[in-house]
Each structure stands twice: as C-alpha cells, then as structure tokens.
Amino acid sequence: PGLVEGHSSGSKDWISNVLEPQLVKYFVGDGKGGEKVTNIRQVACGFAYTACVTENNKMYTFGAGEYGTLGTGTTIDQWIPVKVNVGETKLLEIPVQTVVAGSVHTLALTVDGRVFSCGKKEYTGHGHISDVLVFTRLNAFDGRCIEQVSIGPGGYHTLALTVQQNCCVHGDYEKKYDEDCSNHRHIY
2 PGLVEGHSSG SKDWISNVLE PQLVKYFVGD GKGGEKVTNI RQVACGFAYT
52 ACVTENNKMY TFGAGEYGTL GTGTTIDQWI PVKVNVGETK LLEIPVQTVV
102 AGSVHTLALT VDGRVFSCGK KEYTGHGHIS DVLVFTRLNA FDGRCIEQVS
152 IGPGGYHTLA LTVQQNCCVH GDYEKKYDED CSNHRHIY
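Okay, so the sequence shown: first residue is 2 according to the working numbering, each after it adds one.
Following this line, the structure appears as structure tokens:
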C-alpha cells in the first residue's frame, strides 16, 4: 500500500500518452537510493489532474491546473506532485481526511469535518465571481460537521453528507450555494 500507480491520456499535446500504469516516482524516491517521500492512503482523479492524501493527512496535487483545480494558488499545470495547504491561513494547515476531484473543482474534507474547495467559480460552492485558486473553507457548513463529500458523475455537482445524515447539494443545479445552506436541495 502507499504506492501510486496511474495512467493518463495527457491533457497537453507535448505530454505523451501513458498506456499502462506507472509508478509516480515522486512518492517512491528517485530509484537511486533516495528516500521515499511518504505513503499515500487515498487518491482521486479529476479531469486531467490527480489529488492524493498521505498517511499523515497531507495533500498533494498534480496535473492540469486549469481553473485552479490543484489549489496551488495559480492555474499553472504541475507535472510533479505539489504539497498543497488546506487551512484558514498559510500558517495553519488542517489535516485532510479525504479529497474528491471533479471535472473543474476539488474538495477536501478535513479530519474535523470541515469542507474546503477550489476550482471553477460556478462549482466550488462559494458564489465567487472568479475562480478559487486555493483551498477555501465552505462557510455555508458552519455548525454542521460533514462526514462525507462526493462529486457526482460528470464532475459538476457536489454532495455533502452531515453527521446528522442530511445531504446538501450544490453545483450544476437551479439554485446556487448560499451562506446559510437554506436554499440547498436536501435529500433524505
């Protein structure tokens, strides 16, 4: 466990197709006696990008950075895994439990039940007028501890399950996310 293998169709024409699974060498060392970076316990594949959570609850992203889906603060593609911060400030890093990746946005669920997102403005749940380039807390969940998050097929809408077993939905729906969660469609 902990070794990441994968393949990609390559989102840029200067990147060759990888037709068979290959180890992501960044996580296993340099192959010349270099130390292994860390063990990976969870992976998520978005549209031309990947997010990983380590056994010590750190998060790494790599691939296409369009719309800020990598959470690195830019839209620049990263072909080597980059450790990203999930927290209220750059100095406060919150341990990540789970990461989910969609077509144009990414969600991180922290070990204490908070949800952070980044990516294309329409789908992050923040209601911003520009894309969200760093993982930013979804304030609409204040007071609600989230147990599970998921991005639906096609990657344009999000589901969040609370510890009270309520489900909040946002994304490609008629109503956008609002600050008090009152306009979400709830599924019971």
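Beta carbons are placed, not taken as given, at the ideal position from N, Cα and C, and that holds for glycine. Here the structure is a predicted model, which is why all the values come from computation and not from measurement.
Closest by C-alpha distance to residue i, when choosing among the options
i    : options                  : result
L108 : N40, I152 and D78        : I152
D1   : T99, P154, L134 and I41  : Residue 1 is absent from the structure shown; the chain starts at 2 and stops at 189.
E56  : V25, I147, P96 and V150  : P96
E94  : G66, F136, S131 and G172 : F136
K59  : I77, G66 and P82         : P82
V101 : W80, E21 and A52         : A52
T111 : K26, V54, G72 and L20    : V54
V85  : A49, Y68, G126 and L134  : L134
Local Cβ density within 10 Å of residue i, reported as buried at 16 or more and exposed below that
i    : result
E6   : Reliability of the predicted coordinates at E6 is poor, the pLDDT of 46 falling under 50, and no value is obtained from them.
S104 : buried
Y178 : Bear in mind that a pLDDT of 40 at Y178, under 50, signals an unreliable position, so the number given afterwards is only what the model happens to contain. It counts as buried.
C146 : exposed
L139 : buried
S118 : buried
I41  : buried
V19  : exposed
Boundaries (first-last residue) of the beta strand (DSSP E) holding residue i
i    : result
S118 : V116 to G120
G172 : C168 to G172
Q98  : V97 to A102
Nearest-angstrom Cβ-Cβ length linking residue i and residue j, presumed shorter than 8 Å
i   : j    : result
T70 : H106 : 6 Å
G66 : Y124 : The pair is not a contact, with the Cβ atoms about 16 Å apart (cut-off 8 Å).
Q) In chain order, which continuous runs of the beta strand (DSSP E) of length 3 or greater are located wholly inside the segment 44-86? A) Complete beta strand (DSSP E) runs here, min 3: 50-55, 60-64 and 79-85.
**Q.** Those runs of the beta strand (DSSP E) which lie wholly inside the segment 124-162 and span at least 3 residues
**A.** Listed in chain order, the complete beta strand (DSSP E) runs (minimum 3 residues) inside the segment 124-162 are 133-138 and 147-152.
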